[in-house]
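Structure, as structure tokens:
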Amino acid sequence: MKRAIKIIKTFLSVYYAHMMEYRAEIFFWVLSNLLPLILMGIWTKASQEAEFGLNSIEFARYFISVFFIRQFNLVWVIFEFQEQVLQGKLSPRLLQPIDPVWHQVAAHLAERFIRMPFNLGLIGLFFLLYPEAAWVPNLGNLLLGCLVVAMSFALRFLMQYTFAMFAFWTERASAIEELSFLLYLFLSGLIAPLEVFPPLVREIAQWTPYPYLIHFPAALFIGLPVNVVGGMLVILGWSLIFFLVNRWLWRKGLKHYSGMGA
């Protein structure tokens, strides 16, 4: 256990120092993810002219929650892994007595710590400009929401890392992620809460992993009625499926890996 804790601390400290070198770039990454705040203005205006199941204040709170959640759900592991496989950079990591994925996990977690001040600053500015939408989730919703955000990040990471395994067989594994992102864009609740979708579409979406990446935690934060236990079980179920597929593809892929470019 002590050895594991030491390894975790070392990985996080190394990648935190590495990410600090990109703090200015990370600030612009945060700004590039302002789409939820833009959509908030559109849906808030639309809710004043028609009935969508949420009022303008609920729309505003929903999309500020989406913005916050998106900052923790961003994953780029497929692009890093694809480059490592194509250029042979994976080879030296295979010689280390630790699964290469933990390098990616540490990099993602370290980057989240650096994002946090920028995120809180933008949210504070939003509440200053739009005080009617300011709110603090009750303690229960806040704790559940944070737990679900962590679970949704793990699911999103597993999904993309599983797609990344196809880099062992194709030079464009990222194309699979691009196709998946289209489903993520429309079914996750990123561009609109599921409450505005037709009932049939909403029912179908709930059997996919996408709504549990954004809509589910956002609904918890703003207090919308959701099946908490059912949602968490779906996240765990999809996580298990992607984990098993990932490990199977990893074993098959290593046999196929030639280390070209090394």
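In the working numbering, each residue's number is its place in the sequence shown (first place is 1) plus 145. Idealized CB from N, CA, C, for every residue including glycine.
Distance from the CA of isoleucine 153 to the CA of isoleucine 259, rounded to the nearest whole angstrom, comes to 18 Å. In this structure, DSSP gives leucine 240 a state outside helix and strand, which the three-state scheme calls coil. Taking C-alpha positions only, leucine 179 is separated from leucine 330 by approximately 14 Å. For glutamine 351, the three-state secondary structure derived from DSSP is coil. The distance from the Cβ of alanine 350 to that of leucine 332 is about 5 Å, consistent with a contact at the 8 Å cut-off.
In chain order, Phe217, Asn218 place their CB closer than 6 Å to the CB of phenylalanine 298, counting only its own chain and leaving out the 5 sequence neighbours on each side. Membership of phenylalanine 173 in the alpha helix (DSSP H) is indicated by the continuous run 168-176. DSSP places proline 362 within a helical segment (H, G or I) once states are collapsed to three. For the pair proline 354 and isoleucine 380, the CB atoms are nearer than the 9 Å cut-off. 9 Å or more divides the Cβ of phenylalanine 302 from the Cβ of valine 373.
Glutamine 227 carries a helical assignment under DSSP once its states are collapsed to helix, strand and coil.
Isoleucine 171 sits away from phenylalanine 271, with the two beta carbons spaced by 9 Å or more.
Three or more Cβ pairs closer than 8 Å define a contact, and the segment 232-246 falls short of that threshold against the segment 204-212.
If you ignore the 5 residues before and after arginine 168, its C-beta comes within less than 6 Å of the C-beta of Ile259, all in its own chain and listed in chain order. Between serine 201 and serine 192, the gap from beta carbon to beta carbon is short of 9 Å.
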